[in-house]
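When the letters of the sequence shown are read in order and numbered with numbering that gives the first Met the number 0, they come out as residues 0 to 267. Below you'll find the structure, written out as structure tokens, and then a few comments.
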Amino acid sequence: MSTSTDSLPADTFRITPLSNAAAGPRRTLSAPLSAEITAALDASPDGEVAVKSVDVRIPLLEKNDILAERNRGYFLGRGLVALNLVSSPGAGKTTLLERTLDEFGPRTRCAVLVGDLETENDGRRLRRAHAPVAQITTGTTCHLDASMVARGVEALDLDGVRILFIENVGNLVCPASFDLGEQVRVVLLSTTEGEDKPLKYPPIFKSAHVVLLTKIDVADALGFDRAAAVENIRRIAPQARLIQLSARTGEGFGEWTAFLESLVPKPR
Ligand SMILES: Nc1nc2c(ncn2[C@@H]2O[C@H](COP(=O)(O)OP(=O)(O)OP(=O)(O)O)[C@@H](O)[C@H]2O)c(=O)[nH]1
Ligand SMILES: [Mg+2]
């Protein structure tokens, strides 16, 4: 029996039985063995057992889920709506938020938490006199999690804020598993990525409340088949509201801002 962690994500491990290994004297293993494995080894004539993979992400996600619920309660208590924006890198999250902040101005107070592995570029792009912004740099982590968001909001003046945008790290896989405590998850698909991404990365689209088809201004020039993209989104994410827009020309933007305004909690 040996352990192998080759090509595994850091938060999982797998024990692979060596089926061709010569039977030899029982080896001493340093890791603590469960009662089941010890019993199976004792019963095995050649000192080998088959062990199924163990997913150690479960406790990590449980902890995240607890913190996410705490964030959600905090946001509700403050009377604001929190949106988690996820997409592959460069789909247009920051550009969307730049235009959204400009269109709302001080009328509907917004705040932004923005995550990237490195740089404060996006945070700087989003800085506005009327909107507090904080940048979270995650180092090597490919997604935001609920504890980062909890710490991030401490850096924001949320007085009077009605909408909190959380721009996640650009990644179409990892953010799907991490609830941040948002009320609304927004997944962006840009015309530059191709029509098939919902089919290839279903979990994130299945978790969406809203799908934004972005950069529609360049769809024709790219030969992007919008009807096919819409069909793919509808197939994988029938639960999601779909809005097609361009943050560059403003086409479709009215539908987006009207949707956001409909989310703002009414004063009690
Ligand atoms: N033509 C066009 N280009 C856009 C649009 N929105 C964004 N872009 C361009 O797409 C590129 C990436 O946009 P960003 O807003 O930085 O994308 P992002 O999703 O925030 O990127 P990351 O934070 O790195 O994941 C930039 O060059 C933008 O100018 C759009 O509606 N139309
Ligand atoms: Mg960005």
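Every residue gets a Cβ at the ideal spot worked out from N, C-alpha and C, and that includes glycine.
Contact test: residue i Cβ vs ligand 2 heavy atom, cutoff 6 Å
i    : result
K214 : no
K92  : yes
D64  : no
D121 : yes
C-beta atoms of residue i and residue j nearer than 7 Å
i    : j    : result
E175 : P201 : It is worth fixing the name first, because residue 175 is Ala in this sequence and not Glu. Their beta carbons are not under 7 Å apart, which means A175 does not touch P201 by this criterion.
L163 : L66  : no
A133 : N70  : no
N167 : L143 : yes
T93  : R127 : no
E117 : T140 : no
D216 : S189 : no
I165 : N63  : no
P88  : G169 : yes
Near ligand 1: residue i beta-carbon under 6 Å from a heavy atom
i    : result
P237 : no
P88  : yes
G151 : no
G169 : yes
S43  : no
V217 : yes
S245 : yes
Through-space distance from residue j to residue i, alpha-carbon basis
i    : j    : result
P131 : A239 : 29 Å
P24  : G46  : With a pLDDT of 46 at P24, under the threshold of 50, the modelled position of that residue is not reliable, and no figure is offered here.
G76  : G193 : 40 Å
V172 : L95  : 21 Å
E153 : E68  : 17 Å
A227 : K214 : 16 Å
D101 : E119 : 20 Å
A34  : P44  : 18 Å
A218 : A149 : 38 Å
R98  : L60  : 34 Å
G151 : G249 : 30 Å
S261 : T107 : 12 Å
G114 : F74  : 19 Å
D41  : S86  : 50 Å
K265 : F103 : 17 Å
T27  : A49  : Caution is warranted here: a pLDDT of 46 is assigned to T27, below 50, making its placement in the model unreliable, and the coordinate value is therefore given only provisionally. Approximately 17 Å between the Cα atoms of the pair.
F177 : E254 : 28 Å
L279 : G138 : Since the first and last residues shown for the chain are 0 and 267, residue 279 lies out of range.
R233 : L212 : 12 Å
R247 : F258 : 19 Å
A220 : S206 : 30 Å
D195 : T37  : 47 Å
D121 : P58  : 32 Å
G222 : A39  : 59 Å
G251 : M147 : 32 Å
K199 : T256 : 29 Å
Of the listed residues the options, nearest to residue i (C-alpha basis)
i    : options                   : result
R225 : V209, I242 and P237       : I242
V263 : L84, C109 and C141        : C109
R161 : A81, A246 and L244        : A81
V183 : L171, H208, K196 and V168 : H208
P197 : N170, I235 and L244       : I235
E230 : A39, V113 and F204        : F204
G72  : A42, L157 and G180        : G180
V210 : A39, A220 and P237        : P237
A90  : M147, T256 and V185       : V185
Start-end ranges of the beta strand (DSSP E) lying completely within the segment 163–193, minimum 3 residues: Annotation note: the segment 163–193 contains the following uninterrupted beta strand (DSSP E) runs of length 3 or greater, listed N- to C-terminal: 183–189.
With a floor of 4 residues, list each alpha helix (DSSP H) that falls wholly inside the segment 50–104, ordered by position along the chain. Counting only runs of 4 or more, we get 56–76 and 92–103.
Which runs of the alpha helix (DSSP H), 4 residues or longer, sit entirely within the segment 102–154? Annotation: the segment 102–154 contains the following complete segments of the alpha helix (DSSP H) (minimum length 4 residues), in chain order: 120–125 and 145–153.
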